[in-house]
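**Student:** Top to bottom, those sequences are chains F, Z and Y. Quick note on the numbering used here: the first sequence kicks off at 106 and runs consecutively. Quick note on the numbering used here: the second sequence kicks off at 1343 and runs consecutively. Quick note on the numbering used here: the third sequence kicks off at 9 and runs consecutively. Every residue gets a Cβ at the ideal spot worked out from N, C-alpha and C, and that includes glycine. This structure is a prediction, so every number in the text was calculated from the model and none was measured. The structure is given below, and queries will be raised subsequently.
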Amino acid sequence: MSVTDTLLPDTAEPGHARSPVATWAPIAIVAVLLALVPVFVGDSRTWMGLATGMLLFACYATAFNVIFGSTGQLFLCVGALAGVSGYATPILADEFGVPGVVALVVGTALSALLGGLFSWVSVRRSLGVIFTGIVTLTFSLGFHNLLLGQRELTGGETGLRIQVGGDTVLRELVPAYLVFLGLLVGYLVLYRLLQRSSFGWAFSALRDDPVAAELAGVDVARYRIWAGTIGSAMLGLAGGLWAITEGFVSPTTFAFGEVDVETLVILAFGGIGTLLGPVIGSVALTVLDELLRDAGQLRVAIFGAILVALFLGFRSGVGPAVGRLARRVLPTSLTDRFR
Amino acid sequence: MLEVEGLDVGYGPSTVVHGVSFTVAEGEAVAIIGSNGAGKTTTLRAIAGLLQAGAGRVNFDGHDILGEAAHVVSRRGLAYVPAERHLFGGMPVHENLALGAHPDKPDPDRLRQVYDLFPRLEERRNQTARTMSGGEQQMLAVGRALMSRPRLLILDEPTTGLAPKLASEAYAALSTLRGEGLTVLVAEQQVPLALDLADRGYVIEDGRVELDGTSEQLRGNPDVQRAYLGIA
Amino acid sequence: MNPAVIFDGVVDGLQLGLLAVGLTLLYGLGGILNLAHGQIAVLGGITAALLLDAGWGALPAAAMAVVAATAAGLVLDQTIMRPVYRERGEDRILLSLLVTLGVGFVIDGLLVWRYPSEALTLRVGSGSVEVLGITMRVGSLYASAITIVAIGLVIGFLRATRAGRAVRSVIEDEVGAELVGVNPSAVRTLIFGLSGALAGLFAVTQSMTSPVTSSSGVSYTILALIVTVVGGLGSATGALLAGLILGIVNAISAAEIGSYITSIILLAAAALTILVRPSGLLGRTE
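As structure tokens, this is what we get:
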């Protein structure tokens, strides 16, 4: 079943009727710029490692954008959903002899299924942003504990050395980078397609006028569930691929304190619900991370401070592009209070 | 006692109340009548400090109160009973009333008076507000407002959700209060009840004062008769 | 089963309940979920540890733990939370959650960076005594006595004082409270201070049985969050009850099954509560 089949036919909404150039040029420019990175630093292990990590986080942030930025579902389990596939893929391949590609597909599907389940539950039980956040946070922490506890499968705290992909070109610096570049470009295209589909239309309509959108028959529940599923599949694919190209995963690779917090910082910086926000944000974060390499635990404090400053700053209008967040999260809550 | 001048109030970009002016003198009962959505509630909420006004002046007892927070306005002796009542649903009647006396000054004499006015509340003093009937909740809302010994009592649609008999009873209680010299401002869709209570009235339509006069004048006005009194 | 295990669970559960009360009251007062709560407790704990190192006595050091945590709560309320209060409804909840998450990382990061190996251990009495046939550590007895007194004071404050009644009125209906002259923002400041004080006290009582390290904050926040959710967001008595239950579950499960499964059980309890009974143990089902 393809995504577009289940979504309403594309509606000719003026705001979305951009020219093809305006629609796709930003993605093309980003792709070309990022493709130049290996040309300059292709033989530096340090730089290529940083650059590939940057692409991974841009992928995470784009996926989170689909879930949170588009439909206001606060999934505090970005790392855990990536980790489901990040662990399932190598375990299936190495322990159970499943071919690498099949393992990756299964891992991705598991992530998608879980994410879809969270969305479904939160829609069915009409959980607000807070309860969705807490449920997914408990999943994050529970998953982390499971990784630590199931030592025989996961290697516990020390992590898991991965065989699958070990004898392929994927473990080399430049190919690994290009894999994630391809993945990011694919995600950006998908994000733009979603924006332009009835899906994107429905949610911008919902933001502008929830009552009218409801009357027009926008099936919010279904879109939420699809956003949760698609976004989680994106997280799973990225996590699984990371396991294969890195050859090593540990609970820290997918920990809440690492992945989710950085994703939030990236999006707060780059702009929630924008196409290029994840890219801009992860470039900035990578530079910052590098500057803070020797800061140790101070790094945690600085990230925290940035998070506070960004989220408070945009409320006061420093980053108007990010300010749309307010109206994205269950818009009725605002209007009801003042009626 | 209350002077409202050129009040503009809106929600976001749209203005709902346009240049509304009216006065309430000490000891008077004044009705604001108008249909649903005319801007009565918006006007009262702005006076009570629950909504920010765009422009205008509200003078209460010689103080400019427009822009003051609701809790400050309340402490000045202006008690507002909203249509949604905003009772403390999980608390028993007596605690609701105790809070009404302003939380830092208990007032047993006043409590006695309120119970005498609404004996039903005394019977139910330990019942939680949420479990009471609509009429009882309305009594409690008024009782709570009276506990602070207000100089001006403002009621928004006190008959909301009440059966006709209960609505008349509510107005009978208001009439008793009025007899005791309390100044009352009431916004109401049930125009006959409101005009029986009030000395004067203002008709608000589309956020503007369209008409004002004594209750007799309004009752005699053909437009009012047609629109609100069901007289063709 | 060893009754001492259950007793330990009760001791721990009382403390968790007290920690969660601060969190749940703040939430009830207007949708502020303070994810820096555990870190504020640790801030108090490390303050006391440093003072002990500097030669202070146990009692004044413990008092300063409470003072420091109270101050942290008040500073948070007066600074960073101001723009958060301007939002309403779900926006406020979301913003408070994201901002306090950041604040938590700031406190945690700074403490671990500056005092990586600092920990608060209060030695009150030594050894153990036998009560009703159960061997109890003296530290546990002190910790539970202090906690029970504090719980009594908090309940007394909420039930029997006018300020406590004003607090409950804001939880019941913020607009209604304003209409009877209660200033919600003053009430919130009061509760932010109280919540900090309880967190500081939690650090003190915890340190009588196990060390409070500079990196304990995140796990305290998570425990408090779980207890708060199971007790029902906004319900103080619910938080106390849930703390007690989860403390006992925690102790039994840790002794019988193992610690990582225990964490998962506690997390699952929170998730299940939200799915089955979002209003919590004592909450109303609407």
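Could you tell me which chain Y residues have their CB closer than 8 Å to the CB of H1428/Z, listed as they occur along the chain?
**Tutor:** Here the neighbours are D181, V183, G184 and L187.
**Student:** Grab the span of the beta strand (DSSP E) containing A1515/Z for me, first residue to last.
**Tutor:** From DSSP, A1515/Z is part of no beta strand (DSSP E) but of the alpha helix (DSSP H) over P1506 to G1521.
**Student:** Kindly list, in the order they appear in chain Z, the residues whose Cβ is closer than 8 Å to that of R131/Y.
**Tutor:** Per Cβ cutoff of 8 Å: no residues; R131/Y is ~43 Å from chain Z at best.
**Student:** Is S1356/Z helix, strand or coil when you go by DSSP?
**Tutor:** Strand.
**Student:** Taking 7 Å as the cut-off, is the C-beta of F244/F nearer than that to any heavy atom in the ligand FMN?
**Tutor:** As far as ligands go, the structure on display features none, and thus does not contain the ligand FMN.
**Student:** Skipping 5 residues on each side, what residues in its chain have a beta carbon closer than 6 Å to that of T368/F?
**Tutor:** Cβ neighbours of T368/F beyond the five flanking positions: Y165, A166, F169 and V183.
**Student:** Tell me the DSSP bridge mates of I1375/Z?
**Tutor:** According to DSSP, I1375/Z bridges with E1530/Z and V1545/Z.
**Student:** Select from the region 48–64 of chain Y all residues with a C-beta closer than 7 Å to any C-beta belonging to chain F, and list them in chain order.
**Tutor:** Taking 7 Å as the Cβ-Cβ cut-off against chain F, none of the residues of the region 48–64 of chain Y qualify.
**Student:** Nearest-angstrom Cα distance between L248/Y and I40/Y?
**Tutor:** Cα to Cα, the separation comes out at about 19 Å.
**Student:** Quick check: the Cα distance between A44/Y and L380/F, rounded to an integer number of angstroms?
**Tutor:** Answer to the nearest angstrom: the Cα atoms are 31 Å apart.
**Student:** Rounding to the nearest angstrom, what Cα-Cα distance links L26/Y and T32/Y in this structure?
**Tutor:** Each residue's Cα considered, the two are about 10 Å apart.
**Student:** Kindly list, in the order they appear in chain Y, the residues whose Cβ is closer than 7 Å to that of R163/F.
**Tutor:** First, the amino acid is wrong: residue 163/F is Ala here, not Arg. Neighbours of A163/F on chain Y: none; closest Cβ ~20 Å, over 7 Å.
**Student:** Do you know offhand how far G1562/Z's Cα is from L1519/Z's?
**Tutor:** Distance between the alpha carbons of G1562/Z and L1519/Z: 26 Å.
**Student:** Between the alpha carbons of P1355/Z and T357/F, how many angstroms are there, rounded?
**Tutor:** Their backbone Cα atoms lie some 48 Å apart in a straight line.
**Student:** Verify the CB distance criterion: does D20/Y have a CB-CB separation below 8 Å to chain F?
**Tutor:** No, its Cβ sits nowhere closer than 8 Å to a Cβ of chain F.
**Student:** Between A133/F, E200/F and S227/F, which lies nearest to L179/F when the distance is taken from Cα to Cα?
**Tutor:** Of the candidates A133/F, E200/F and S227/F, the one whose C-alpha sits nearest the C-alpha of L179/F is S227/F.
**Student:** Have a look at G188/F and L265/F and give me their C-alpha separation to the nearest angstrom.
**Tutor:** Roughly 12 Å separates the two Cα atoms.
**Student:** Would you mind stating whether L346/F and L289/F have Cβ atoms separated by less than 8 Å?
**Tutor:** No; because the gap between Cβ atoms is not below 8 Å, this pair is not in contact.
**Student:** Is there a Cβ of chain Y sitting closer than 8 Å to that of V325/F, yes or no?
**Tutor:** With 8 Å as the cut-off, V325/F does not count as an interface residue toward chain Y.
**Student:** In the DSSP output, which residue or residues are listed as bridge partners for I1496/Z?
**Tutor:** Paired residues: Y1422/Z and L1527/Z.
**Student:** Using only the alpha-carbon positions, how far apart do Q1532/Z and V1456/Z sit?
**Tutor:** C-alpha separation (whole angstroms): 25 Å.
**Student:** At a Cβ cut of 8 Å, what residues of the region 151–177 of chain Y count as close to chain Z, listed as they run along the chain?
**Tutor:** Taking 8 Å as the Cβ-Cβ cut-off against chain Z, the residues of the region 151–177 of chain Y that qualify are R170, A171, R173, A174, R176 and S177.
**Student:** Which same chain residues, not among the five before or five after G97/Y, have their C-beta less than 6 Å away from its C-beta?
**Tutor:** Same-chain partners within the cutoff: there are none.
**Student:** Nearest to P11/Y by alpha carbon, out of S243/Y, I230/Y and G141/Y?
**Tutor:** Ranking S243/Y, I230/Y and G141/Y by Cα distance to P11/Y puts G141/Y first.
**Student:** Anything in the region 398–411 of chain F with a Cβ closer than 9 Å to a Cβ of chain Y? List those residues in chain order, please.
**Tutor:** Listed in sequence order: A400, G401, Q402, L403, R404, V405, A406, I407, F408, G409, A410 and I411.
**Student:** Does any residue of chain Z have a CB that is nearer than 8 Å to the CB of V92/Y?
**Tutor:** Output row for V92/Y: interface = no.
**Student:** When the Cβ atoms of the region 44–60 of chain Y are set against those of the region 213–230 of chain Y, are three or more pairs found closer than 8 Å?
**Tutor:** Yes: at least three Cβ pairs fall under 8 Å.
**Student:** Below 8 Å between beta carbons: does that hold for L186/F and S216/F?
**Tutor:** Cβ atoms of L186/F and S216/F: closer than 8 Å.
**Student:** Would you please state the rounded distance, in angstroms, between the beta carbons of L51/Y and A77/Y? I believe it to be under 8 Å.
**Tutor:** At roughly 6 Å, the Cβ-Cβ gap stays under 8 Å, so L51/Y and A77/Y are in contact.
**Student:** Does H249/F come out as helix, strand or coil in the three-state DSSP assignment?
**Tutor:** Of the three classes helix, strand and coil, the one that applies to H249/F here is helix, per DSSP.
**Student:** Considering only the alpha carbon of each residue, which of R404/F, G174/F, V144/F and A208/F lies closest to G344/F?
**Tutor:** When only C-alpha atoms are compared, the closest one is A208/F.
**Student:** Using CA coordinates, which residue listed in L1495/Z, P1534/Z, P1492/Z and A1529/Z is at the minimum distance from P1506/Z?
**Tutor:** The shortest C-alpha separation from P1506/Z is found at P1534/Z.
**Student:** When the Cα of H1444/Z is compared with those of M1489/Z, G1503/Z and A1388/Z, which residue comes out closest?
**Tutor:** Taking only the C-alpha atoms, the option nearest H1444/Z is M1489/Z.
**Student:** Could you tell me whether the Cβ of V366/F comes closer than 8 Å to any Cβ of chain Y?
**Tutor:** Yes, contact with chain Y.
**Student:** Between Y1353/Z and chain Y, is there a C-beta pair that is closer than 8 Å?
**Tutor:** No, no contact with chain Y.
**Student:** Would L187/Y and Y1570/Z be called neighbours here (beta carbons separated by less than 8 Å)?
**Tutor:** The answer is no: Cβ separation not under 8 Å.
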